[in-house]
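Visitor: First, the structure itself, so that you have it in front of you.
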Amino acid sequence: MKLCMIGTGYVGLVSGVCFSDLGNDVICVDKDLNKIDNLKKGIIPIYEPGLEELILKNFKNNRLKFSTDLKESVSKSDIIFICVGTPTKKNSSDADLTQVYNVVKEITKSISKFKIIITKSTVPITTGDQIEKIISKKIPKKLFSVVSNPEFLREGEAIRDFNYPDRVVIGTDNKRSNKTLKNLYAPLISKGTKYINTSRRAAELIKYASNAFLATKITFINELSNLCEKIDVNIEDISIGMGLDKRIGSRFLRAGPAYGGSCFPKDTKAIVSTSDRFKSNLSVIKSVIKSNDNRSSLLLKRIFDILNNKVKNKKICFLGVTFKANTDDMRDSSCLSMIPTLLKKGAKINYFDPTGEKNEFKNFKNVSYSNDIKSGISNSDLIIIHTEWNDFKSINFNKTVKNKNYKIFDMRKIYSPKKMKEQKIKYFAIGS
Ligand code: UGA
């Protein structure tokens, strides 16, 4: 099939490359000339395990193309995926749909035969209705169909998530589009993926509801971990004990720092905002947002306690500063609020991240980057494990850290408290 992905950010690029790998002809379009030039040279704008190899393979065999010409790319394609960003509006909780509507206006200029226009970007409920309205002002309804097909890709796991999704959701009541899209996803359906066809509004809501529910699950376990710290119970025992109940499930039940990234914080706010607009109260999600906003302050308090409130001149090393492991993404990482507060209290911060130095900290005095774990932790008073990269899972701390009184605060609970105790390491972890 002939596909066009508009927007080569995370969603558009990963989905486009994976669709081409399934044998489709895909044009990935972006207005950023530099990005497109780089992609043609094999320079990838994001860190995602396995993506570079797939891009090179499919670019070479000519199934994957990159272009800045939206009009031409749309004309040549039958299925158009809108994959541009929908960030939170300034001074509001609503999603900013400027990029979506700009793209829709451009697409409209290139429709001369039947096209399926799909929102893959996360868009608020009724956006599909608005898009249909805009296009139908210029184009007869029989020449296009607007469909919602939300994505459920996790950064760092995106290629696996694309190839083995739990479900594919197609929101449309147009039979022709549904049939075509079922064919497009047939290679995944034949491996066991569930395909569901819903109304367009339902598909839009399924995406928000899924992210909001996962954020709720994480917040629930994070709050329980606070309780566990007070009653000498290990939060992992609770996660395992609860997760084994199939009605609950074990995934997304790992306590950690405040959830971050480009999706959960933005999407929880947007669904609440939509619901408020329809005069319906999503009080559970509202309290999830509040609890998560408060989480970094709670963890900072724990850091102050671990350091006996003597933070001034303490050397603190962060292992991992992105919002989670296996990504270079700093968006809404809890480090962005914790590190500046520690600096204000006089701490000296250094950090190591497997994806390299971060621009976000370049202008801070008293923040330095270490090129490897060893140089990062060797002089530390406190080591904070902020993300759970495999690289951090078997460090010989006693051999590496010179300072005899060093402490560890494990925010992902990747070490065994018992084994740490046996090695006489002053080890503190979330939820125990
Ligand atoms: C999330 C969803 O998982 C995807 O299904 C969705 O497609 C994507 O948002 C999106 O809307 O585009 P992502 O933001 O890449 O994916 O990251 P997650 O793996 O979901 O992690 C989000 C946050 O939750 C991170 O801060 C992570 O550390 C935290 N988390 C996750 C926990 O604290 N505990 C867990 O058990 C799981």
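The opening residue of the sequence shown carries number 4 in our numbering; numbering runs sequentially from there.
Heads up, the beta-carbon is just placed ideally off N, CA and C, and yes, glycines get one too.
Remember, it's a predicted structure, so these values are computed and weren't measured experimentally.
Over what stretch of residues does the beta strand (DSSP E) that includes Asp279 continue unbroken?
Guide: Taking the first residue of the sequence shown as 1, we reach residue 279 at position 276. Asp279 -> not in any beta strand (DSSP E); alpha helix (DSSP H) instead, spanning Phe267 to Arg280.
Visitor: Excluding the 5 residues flanking Asn408 on each side, which residues of the same chain have their C-beta closer than 8 Å to its C-beta?
Guide: To locate residue 408, count along the sequence shown from 1; it is residue 405. Hits under 8 Å: Asp384 and Lys429.
Visitor: State the Cα-Cα distance for the pair Gly359 and Gly323, rounded to the nearest angstrom.
Guide: Position 356 of the sequence shown, counted from the start, is the residue given in the question as residue 359. Position 320 of the sequence shown, counted from the start, is the residue given in the question as residue 323. Each residue's alpha carbon lies about 9 Å from the other.
Visitor: Using 7 Å as the cut-off, classify the Cβ of Cys266 as near or not near the heavy atoms of the ligand UGA, replying yes or no.
Guide: Here residue 266 is taken as the residue at index 263 of the sequence shown, counted from 1. Yes; taking the cut-off as 7 Å, the Cβ of Cys266 has a heavy atom of the ligand UGA nearer than that.
Visitor: Can you tell which of Leu345, Phe117 and Leu59 has the C-alpha that lies nearest to the C-alpha of Leu303?
Guide: Residue mapping note: residue 303 aligns to position 300 of the sequence shown, counting from 1. Considering only alpha carbons, the answer is Leu345.
Visitor: Using three-state DSSP, classify Cys86 as helix, strand or coil.
Guide: Mapped onto the sequence shown, residue 86 falls at position 83. Of the three classes helix, strand and coil, the one that applies to Cys86 here is coil, per DSSP.
Visitor: According to the neighbour-count rule (16 or more other Cβ atoms, all chains shown, within 10 Å of its Cβ), is Val150 buried or exposed?
Guide: In the sequence shown, the residue the question calls residue 150 occupies position 147. Val150 is buried by the Cβ-count criterion.
Visitor: Report yes if the C-beta distance between Val77 and Ile110 is below 8 Å; otherwise report no.
Guide: Along the sequence shown, read from residue 1 onward, the residue named residue 77 stands at position 74. Along the sequence shown, read from residue 1 onward, the residue named residue 110 stands at position 107. Yes; because the gap between Cβ atoms is below 8 Å, this pair is in contact.
Visitor: Is Asn214 near the ligand FAD, in the sense that its beta carbon is under 7 Å from a heavy atom of that ligand?
Guide: The model depicted lacks the ligand FAD and carries the ligand UGA instead.
Visitor: Return the chain-ordered list of same chain residues with a C-beta closer than 8 Å to the C-beta of Ser337, the five sequence neighbours on each side being excluded.
Guide: Taking the sequence shown and counting its residues from 1, one reaches residue 337 at position 334. Excluding residues within five positions, the ones whose Cβ falls inside 8 Å are Pro260, Ala261, Gly263, Arg298, Ser299, Leu302, Phe326 and His389.
Visitor: Between Asp169 and the ligand UGA, is the CB less than 7 Å from at least one heavy atom?
Guide: By one-based count along the sequence shown, residue 169 stands at place 166. No, the ligand UGA has no heavy atom inside 7 Å of this Cβ.
Visitor: At a cut-off of 7 Å, is Asp270 close to the ligand UGA when judged by its beta-carbon and the heavy atoms of the ligand?
Guide: Counting from 1 along the sequence shown, the entry for residue 270 is found at position 267. At least one heavy atom of the ligand UGA is nearer than 7 Å to the Cβ of Asp270, so yes.
Visitor: For Thr122, report the span of its beta strand (DSSP E) as first-last.
Guide: Looking up residue 122 in the sequence shown gives position 119. Residues Lys118 to Thr122.
Visitor: Work out the CA separation of Leu54 and Asn229 for me, nearest whole Å.
Guide: Residue numbering aside, residue 229 sits at position 226 when the sequence shown is read from its first letter. Residue numbering aside, residue 54 sits at position 51 when the sequence shown is read from its first letter. If you take the alpha carbons of Asn229 and Leu54, they lie about 38 Å apart.
Visitor: For Asp296, count neighbouring Cβ atoms within 10 angstroms of its own Cβ and tell me buried if that reaches 16, exposed if not.
Guide: By 1-based counting over the sequence shown, the position of residue 296 is 293. It counts as exposed.
Visitor: Does Lys347 come out as helix, strand or coil in the three-state DSSP assignment?
Guide: Along the sequence shown, one-based indexing puts residue 347 at 344. Looking at Lys347 - three-state DSSP - the assignment turns out to be helix.
Visitor: Could you give the DSSP three-state label for Met333: helix, strand or coil?
Guide: Reading the sequence shown from its first residue, position 330 is the one you call residue 333. In this structure, Met333 counts as coil in the three-state DSSP scheme.
Visitor: Just to confirm, are Arg170 and Thr196 a CB contact at a threshold of 8 Å?
Guide: By 1-based counting over the sequence shown, the position of residue 170 is 167. By 1-based counting over the sequence shown, the position of residue 196 is 193. Yes, Cβ-Cβ distance for Arg170 and Thr196 is below 8 Å.
Visitor: Leaving out five residues on either side along the sequence, give the residues of the same chain with a beta carbon under 8 Å from the beta carbon of Leu247.
Guide: Counting from one through the sequence shown, the residue named residue 247 turns up at place 244. Here the set comprises Ser253.
Visitor: By the three-class DSSP mapping on this structure, what secondary structure does Asp169 have?
Guide: Your numbering for residue 169 matches position 166 in the sequence shown. Three-state result, Asp169: coil.
Visitor: The alpha helix (DSSP H) with Val324 in it runs from where to where?
Guide: The residue you call residue 324 lines up with position 321 of the sequence shown. Premise fails: Val324 is in no alpha helix (DSSP H) and is neither H nor E.
Visitor: Is any heavy atom in the ligand UGA found nearer than 7 Å to the beta carbon of Gly53?
Guide: For the purposes of this step, residue 53 is taken as residue 50 along the sequence shown, with counting starting at 1. No, Cβ of Gly53 sits at least 7 Å from all heavy atoms of the ligand UGA.
Visitor: Would you mind stating whether Ser80 and Ala273 have Cβ atoms separated by less than 8 Å?
Guide: Start at 1 with the first residue of the sequence shown, and residue 80 comes out as number 77. Start at 1 with the first residue of the sequence shown, and residue 273 comes out as number 270. Taking 8 Å as the Cβ cut-off, Ser80 and Ala273 do not qualify as a contacting pair.
Visitor: Taking only heavy atoms of the ligand UGA into account, decide whether any of them is closer than 7 Å to the Cβ of Arg157.
Guide: By 1-based counting over the sequence shown, the position of residue 157 is 154. Yes, Cβ of Arg157 sits closer than 7 Å to a heavy atom of the ligand UGA.
Visitor: Please return the same chain residues whose Cβ sits closer than 8 Å to the Cβ of Asp164, not counting the five positions on each side in sequence.
Guide: Within the sequence shown, residue 164 is the residue found at index 161, counting from 1. Excluding positions up to five away in sequence, the list reads Phe155, Leu156 and Arg157.
Visitor: With distance defined between alpha-carbon atoms, name the residue in Lys348, Gly349, Lys347 and Phe364 nearest to Phe355.
Guide: Numbered from its first residue, the sequence shown carries residue 355 at position 352. Checked all of Lys348, Gly349, Lys347 and Phe364; the closest Cα to Phe355 is Phe364.
Visitor: Under 8 Å, with one C-beta from each stretch per pair, do the segment 137-151 and the segment 167-183 reach the 3-pair mark?
Guide: Yes, the segment 137-151 touches the segment 167-183.
Visitor: Roughly how far, in whole angstroms, is the beta-carbon of Val287 from the beta-carbon of Thr271, given that I think they are within contact range, below 8 Å?
Guide: As a position in the sequence shown, residue 287 is number 284, starting the count at 1. As a position in the sequence shown, residue 271 is number 268, starting the count at 1. Not confirmed; about 10 Å, so no contact.
Visitor: Could you pull out every residue in the same chain whose Cβ sits closer than 7 Å to the Cβ of Met245, ignoring the five residues on either side in sequence?
Guide: The residue labelled residue 245 in the question sits at position 242 within the sequence shown. Contacts found: Ile251 and Leu256.
Visitor: Report the partner residues of Cys31 according to the DSSP bridge assignment.
Guide: Residue numbering aside, residue 31 sits at position 28 when the sequence shown is read from its first letter. For Cys31, which the question treats as bridged, DSSP gives the partners Met8 and Phe69.
Visitor: Helix, strand or coil for Leu385? Go by DSSP, reduced to three states.
Guide: In the sequence shown, residue 385 corresponds to position 382, counting from 1. In this structure, Leu385 counts as strand in the three-state DSSP scheme.
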